[in-house]
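*Asks:*
There are 2 protein chains.
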Amino acid sequence: MPYTLHRGDALTALAGIPDNSVDAVITDPPYNSGGRTSSERTGRSARAKYTSADAEHDLANFPGENRDQRSYGFWLTLLLTESYRATVESGTALVFTDWRQLPTTTDAMQAAGWTWRGIASWHKPVSRPQKGRLKQSCEYIVWGTKGPVDANRNPVYLPGLYTASQPRKGRVHITQKPVEVMQELVKICPPGGTVLDPFTGSGTTGVAALREGRQFIGVELSAHYADIAEARLHNALTQDDFELAGPEE
Amino acid sequence: MPYTLHRGDALTALAGIPDNSVDAVITDPPYNSGGRTSSERTGRSARAKYTSADAEHDLANFPGENRDQRSYGFWLTLLLTESYRATVESGTALVFTDWRQLPTTTDAMQAAGWTWRGIASWHKPVSRPQKGRLKQSCEYIVWGTKGPVDANRNPVYLPGLYTASQPRKGRVHITQKPVEVMQELVKICPPGGTVLDPFTGSGTTGVAALREGRQFIGVELSAHYADIAEARLHNALTQDDFELAGPEE
DNA sequence: CCTTGCGATGAATCCATAT
DNA sequence: GATATGGATTCATCGCAAG
Numbered sequence: 002m003p004y005t006l007h008r009g010d011a012l013t014a015l016a017g018i019p020d021n022s023v024d025a026v027i028t029d030p031p032y033n034s035g036g037r038t039s040s041e042r043t044g045r046s047a048r049a050k051y052t053s054a055d056a057e058h059d060l061a062n063f064p065g066e067n068r069d070q071r072s073y074g075f076w077l078t079l080l081l082t083e084s085y086r087a088t089v090e091s092g093t094a095l096v097f098t099d100w101r102q103l104p105t106t107t108d109a110m111q112a113a114g115w116t117w118r119g120i121a122s123w124h125k126p127v128s129r130p131q132k133g134r135l136k137q138s139c140e141y142i143v144w145g146t147k148g149p150v151d152a153n154r155n156p157v158y159l160p161g162l163y164t165a166s167q168p169r170k171g172r173v174h175i176t177q178k179p180v181e182v183m184q185e186l187v188k189i190c191p192p193g194g195t196v197l198d199p200f201t202g203s204g205t206t207g208v209a210a211l212r213e214g215r216q217f218i219g220v221e222l223s224a225h226y227a228d229i230a231e232a233r234l235h236n237a238l239t240q241d242d243f244e245l246a247g248p249e250e
Numbered sequence: 002m003p004y005t006l007h008r009g010d011a012l013t014a015l016a017g018i019p020d021n022s023v024d025a026v027i028t029d030p031p032y033n034s035g036g037r038t039s040s041e042r043t044g045r046s047a048r049a050k051y052t053s054a055d056a057e058h059d060l061a062n063f064p065g066e067n068r069d070q071r072s073y074g075f076w077l078t079l080l081l082t083e084s085y086r087a088t089v090e091s092g093t094a095l096v097f098t099d100w101r102q103l104p105t106t107t108d109a110m111q112a113a114g115w116t117w118r119g120i121a122s123w124h125k126p127v128s129r130p131q132k133g134r135l136k137q138s139c140e141y142i143v144w145g146t147k148g149p150v151d152a153n154r155n156p157v158y159l160p161g162l163y164t165a166s167q168p169r170k171g172r173v174h175i176t177q178k179p180v181e182v183m184q185e186l187v188k189i190c191p192p193g194g195t196v197l198d199p200f201t202g203s204g205t206t207g208v209a210a211l212r213e214g215r216q217f218i219g220v221e222l223s224a225h226y227a228d229i230a231e232a233r234l235h236n237a238l239t240q241d242d243f244e245l246a247g248p249e250e
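Sequence lines, in order, name chains S and Y.
In the working numbering, each residue's number is its place in the first sequence (first place is 1) plus 1.
In the working numbering, each residue's number is its place in the second sequence (first place is 1) plus 1.
Have a look at this one:
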């Protein structure tokens, strides 16, 4: 089976994954961001924080958006430590973050043992303009490796900037990533290797991995999204991901 | 006189600038990056670190590239603290950094009292691809304000991503910024207001400020670059910046 | 098939009001 | 008084229908 989807908590599920069994960790954890005060960040739902008041869509909320700053760093470090253990030597980690959590993410990655190698940017052309300010039109991909880079094992040249809008048609998750961006990023994993995503969500990383000929291990806490991911992963194997989430490229 | 150029050390010169006299601090401090180890960073000259071994240009070296990580953070905090004092309420700071110093820069900005507001990206399309890696094609602009944003005083909508290559023809400084990017960024300062750049270098920020109808206060330690900046600023006032640095847009 | 126009929306941000 | 919640703001971009 080219993919496995675990249902449940990320840390718990990671504990069951063997040492040195994964080639790349590619994930988009909940940011626990948004809002000026601690109560705004930890008390409000993802939907309340991140979607427009007048948006007509009715996408499900997602869990894990209630940690304060200090606890977020601690938790992310634990998570990246377990991921590090599961990863082979010279394996790679790509972790999405927003501007607020970027410094915490680079700290956590290094605290977990990874060698921090850089930052790539995902530019979203459709983003909210703001009077008297610079627009926040990018999210960031913090990346690192377990030990040295082995460029000969996987001689790819990847861009440092990815421009793509969030899917609009057939979107099933509030923070769903464009599959074309993920299809580029999974190439950091050698062909036939295994990609791990402890926060699978609607499963875009997995779909991208399967389409590009990589294997996939996912973990998702929410039963709602685990069901969706399961269906999308299944469809990706039959080259037919169109039923549930619409054409994505 | 719409511009003033101080010659000497940034911290010393900032001490002489009155409280609440500046509307925006826009600067590109030496990054003290490049090189994985402390000795690689502090022992090599800026030229050796930031230019290819076979580059044919003969740009002067620049000082201030010999601090270790901890000392860099401390020094940048001092600098941003003095800049904060010199800035009016609701004034803005834009600080360039590379990926390595990004977390240190956001820490220093907040330690100095600024409210950190976000990160913008400068994308350099012409950058070296690297085998087995994601390209480092962006530098970052960490920005913040002294207290609340006053959007009504300066109702501009600025992008979060700037794409432009480093000047090639007529480049006079190793890390010279494209003037078209700086002309966008100086708009964060209200028209007729004053822009401060404690690391003037060849003066691109000043040229951009003058072209956009802002006043400029610069500081430059190196006599070589102070001379160049002086000439470029003078020429900018006569709408003729082409002699010394070539066409830049 | 290409062009034009209309409508919807964003991992935002802030403030007024309610508890 | 501190915290929680709802709503208004804002425009480049993009999907979609009409011409």
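Glycine residues also receive a C-beta, built at the ideal position from the N, C-alpha and C atoms.
What does DSSP give as the partner residues of S122 (chain Y) in its beta bridges?
*Replies:* On the second sequence, residue 122 (chain Y) is found 121 positions in, with the first residue counted as 1. Bridge partners of S122 (chain Y): Y:Y141, Y:L162.
*Asks:* At a CB distance below 7 Å, what residues from the stretch 68-99 of chain Y approach chain S? Give them in sequence order.
*Replies:* Cβ contacts with chain S: none found.
*Asks:* Of the residues Y:G161, Y:G92, Y:P104, which one's Cα is nearest the Cα of P126 (chain S)?
*Replies:* On the first sequence, residue 126 (chain S) is found 125 positions in, with the first residue counted as 1. Among Y:G161, Y:G92, Y:P104, the Cα nearest to that of P126 (chain S) belongs to Y:G161.
*Asks:* Distance cutoff 8 Å, beta carbons only. Does P130 (chain S) sit that close to anything in chain Y?
*Replies:* Along the first sequence, one-based indexing puts residue 130 (chain S) at 129. Yes - at least one Cβ of chain Y is within 8 Å of the one on P130 (chain S).
*Asks:* Taking the straight line between their C-alpha atoms, what separation do you get for K132 (chain Y) and G35 (chain S)?
*Replies:* Locating residue 132 (chain Y) in the second sequence gives position 131, where the first residue counts as 1. Locating residue 35 (chain S) in the first sequence gives position 34, where the first residue counts as 1. Going by the C-alpha atoms only, they are around 36 Å apart.
*Asks:* Use the C-beta contact count for R233 (chain S): other C-beta atoms within 10 angstroms, 16 or more gives buried, fewer gives exposed.
*Replies:* Along the first sequence, one-based indexing puts residue 233 (chain S) at 232. That one is buried.
*Asks:* If you reduce the DSSP assignment to three classes, tell me which class V182 (chain Y) lands in.
*Replies:* On the second sequence, position 181 is the one that residue 182 (chain Y) refers to. Note: V182 (chain Y) maps to helix in three-state DSSP.
*Asks:* At which residues does the alpha helix (DSSP H) containing G207 (chain Y) begin and terminate?
*Replies:* Numbered from its first residue, the second sequence carries residue 207 (chain Y) at position 206. Its alpha helix (DSSP H) spans residues 205-212.
*Asks:* Express the C-alpha separation of Y85 (chain S) and R212 (chain Y) in angstroms, rounding to a whole number.
*Replies:* In the second sequence, residue 212 (chain Y) corresponds to position 211, counting from 1. In the first sequence, residue 85 (chain S) corresponds to position 84, counting from 1. Each residue's alpha carbon lies about 51 Å from the other.
*Asks:* So, for P130 (chain Y): in the same chain, excluding its five sequence neighbours on each side, which residues have a beta-carbon less than 7 Å away from its beta-carbon?
*Replies:* On the second sequence, position 129 is the one that residue 130 (chain Y) refers to. Result list for P130 (chain Y): K136, in chain order.
*Asks:* Are E181 (chain Y) and L6 (chain Y) closer than 8 Å when you measure CB to CB?
*Replies:* For this step, residue 181 (chain Y) is matched to residue 180 along the second sequence. For this step, residue 6 (chain Y) is matched to residue 5 along the second sequence. The answer is no: Cβ separation not under 8 Å.
*Asks:* Mind checking which residues open and close the alpha helix (DSSP H) that includes T106 (chain Y)?
*Replies:* On the second sequence, position 105 is the one that residue 106 (chain Y) refers to. Its alpha helix (DSSP H) spans residues 103-112.
*Asks:* Evaluate Y158 (chain Y) with the Cβ neighbour count: other Cβ atoms within 10 Å of its Cβ, from every protein chain shown; 16 or more gives buried, anything less gives exposed.
*Replies:* The count along the second sequence starts at 1 and reaches residue 158 (chain Y) at position 157. Per the 10 Å Cβ criterion, exposed.
*Asks:* Any beta-carbon of chain Y closer than 8 Å to the one on W144 (chain S)?
*Replies:* Here residue 144 (chain S) refers to the residue found at position 143 of the first sequence. It does; some Cβ of chain Y falls within 8 Å.
*Asks:* For P192 (chain S) and chain Y, any beta-carbon pair shorter than 8 Å?
*Replies:* As a working mapping, residue 192 (chain S) is identified with position 191 in the first sequence. False, the Cβ-Cβ gap to chain Y never drops below 8 Å.
*Asks:* Spatial neighbours of A210 (chain S) within its chain, please: C-beta separation below 6 Å, excluding the five flanking residues on both sides.
*Replies:* Here the question's residue 210 (chain S) lines up with position 209 in the first sequence. Taken in chain order, the residues that qualify are V187, V196, F217.
*Asks:* I'd like the list of long-range same chain contacts for P3 (chain S), defined as Cβ closer than 8 Å, with 5 residues on each side in sequence excluded.
*Replies:* Taking the first sequence and counting its residues from 1, one reaches residue 3 (chain S) at position 2. Closer than 8 Å at the Cβ level, and outside the excluded window around P3 (chain S), lie L211, Q216, F217, L238.
*Asks:* Reducing DSSP to helix, strand and coil, say where T52 (chain S) ends up.
*Replies:* In the first sequence, counting from the first residue as 1, residue 52 (chain S) sits at position 51. T52 (chain S): coil per DSSP, three-state reduction.
*Asks:* Please name the residue or residues paired with R134 (chain S) in a DSSP beta bridge.
*Replies:* Residue mapping note: residue 134 (chain S) aligns to position 133 of the first sequence, counting from 1. Bridge partners of R134 (chain S): Y:Y158.
*Asks:* Please check the pair D28 (chain Y) and P199 (chain Y), which I expect to be a contact at CB under 8 Å, by giving their CB distance rounded to whole angstroms.
*Replies:* For the purposes of this step, residue 28 (chain Y) is taken as the residue at position 27 of the second sequence. For the purposes of this step, residue 199 (chain Y) is taken as the residue at position 198 of the second sequence. According to the sequence provided, residue 28 (chain Y) is Thr. The question's Asp does not apply to it. The Cβ separation is near 5 Å, so the contact holds.
*Asks:* Helix or strand or just coil, what does DSSP make of R8 (chain Y)?
*Replies:* Here residue 8 (chain Y) is taken as the residue at index 7 of the second sequence, counted from 1. In the structure shown, R8 (chain Y) sits in a strand (DSSP, three-state: E or B).
*Asks:* Who pairs with A25 (chain S) in a beta bridge, going by DSSP?
*Replies:* As a working note, residue 25 (chain S) is residue 24 in the first sequence. Answer by DSSP bridge pairing, in chain order: S:T93, S:V196.
*Asks:* Going by beta carbon distance, what residues of the same chain come within less than 6 Å of Y163 (chain Y), once the five residues before and after it are set aside?
*Replies:* As a position in the second sequence, residue 163 (chain Y) is number 162, starting the count at 1. Result list for Y163 (chain Y): W123, V182, in chain order.
*Asks:* Please report the distance separating the alpha-carbon of G65 (chain S) from that of N33 (chain S).
*Replies:* Translated into the one-based positions of the first sequence, residue 65 (chain S) becomes position 64. Translated into the one-based positions of the first sequence, residue 33 (chain S) becomes position 32. When rounded, the distance between both Cα atoms is 8 Å.
*Asks:* Check whether the Cβ of N155 (chain Y) lies closer than 8 Å to any Cβ atom in chain S.
*Replies:* Against the second sequence, residue 155 (chain Y) aligns to sequence position 154. By this cut-off, N155 (chain Y) is an interface position.
*Asks:* Which residues in the same chain have their Cβ closer than 6 Å to the Cβ of A14 (chain S), if we skip the five residues on either side of it in sequence?
*Replies:* If you number the first sequence from 1, residue 14 (chain S) lands on position 13. Contacts found: H7, V220.
*Asks:* Taking 7 Å as the limit between beta carbons, can you name the residues of its chain near Q225 (chain Y), skipping five residues before and five after?
*Replies:* Residue 225 (chain Y) sits at position 224 when you count from the first residue of the second sequence. Reading the sequence as shown, one finds His at residue 225 (chain Y) and not Gln. Around H225 (chain Y): A61.
*Asks:* Name, going along the chain, the residues of the stretch 99-111 of chain S whose beta-carbon falls closer than 8 Å to a beta-carbon of chain Y.
*Replies:* If the cut-off is 8 Å between Cβ atoms, the stretch 99-111 of chain S has W100, L103, P104, T107, D108 near chain Y.
*Asks:* Give me the residue from S:V208, S:T78, S:S223 with the minimum Cα distance to H235 (chain S).
*Replies:* As a working mapping, residue 235 (chain S) is identified with position 234 in the first sequence. Minimum Cα distance to H235 (chain S) is reached at S:V208.
*Asks:* Along the beta strand (DSSP E) that carries I218 (chain S), what are the first and last residues, could you check?
*Replies:* As a working note, residue 218 (chain S) is residue 217 in the first sequence. Element bounds for I218 (chain S): 216-221.
*Asks:* Looking only at its chain, what residues have a beta carbon closer than 7 Å to the beta carbon of I175 (chain S), apart from the 5 residues adjacent to it on each side?
*Replies:* Here residue 175 (chain S) is taken as the residue at index 174 of the first sequence, counted from 1. Cβ neighbours of I175 (chain S) beyond the five flanking positions: A47, R48, Y51, T52, L60, F63.
*Asks:* If I'm right that D20 (chain S) touches A87 (chain S) with Cβ under 8 Å, what's the distance once you round it to whole angstroms?
*Replies:* As a position in the first sequence, residue 20 (chain S) is number 19, starting the count at 1. As a position in the first sequence, residue 87 (chain S) is number 86, starting the count at 1. That belief holds up - the Cβ atoms of D20 (chain S) and A87 (chain S) are roughly 7 Å apart, short of 8 Å.
*Asks:* In terms of residues, what are the limits of the alpha helix (DSSP H) holding Q70 (chain S)?
*Replies:* Here residue 70 (chain S) is taken as the residue at index 69 of the first sequence, counted from 1. Run containing Q70 (chain S): 70-87, per the alpha helix (DSSP H) assignment.
*Asks:* For W115 (chain S), write down the residues that DSSP places opposite it in a beta bridge.
*Replies:* Counting from one through the first sequence, the residue named residue 115 (chain S) turns up at place 114. According to DSSP, which records beta bridges pairwise, W115 (chain S) is partnered with nothing at all.
*Asks:* Am I right that T107 (chain Y) and W117 (chain Y) are in contact with their C-beta atoms under 8 Å? What's the rounded C-beta distance?
*Replies:* On the second sequence, position 106 is the one that residue 107 (chain Y) refers to. On the second sequence, position 116 is the one that residue 117 (chain Y) refers to. 6 Å between Cβ atoms; contact.
*Asks:* Taking a cut of 9 Å between CB atoms, which residues from the stretch 162-193 of chain S lie near chain Y?
*Replies:* Within the stretch 162-193 of chain S, the residues whose Cβ lies closer than 9 Å to some Cβ of chain Y are L162, T164, L186, I189, listed in chain order.
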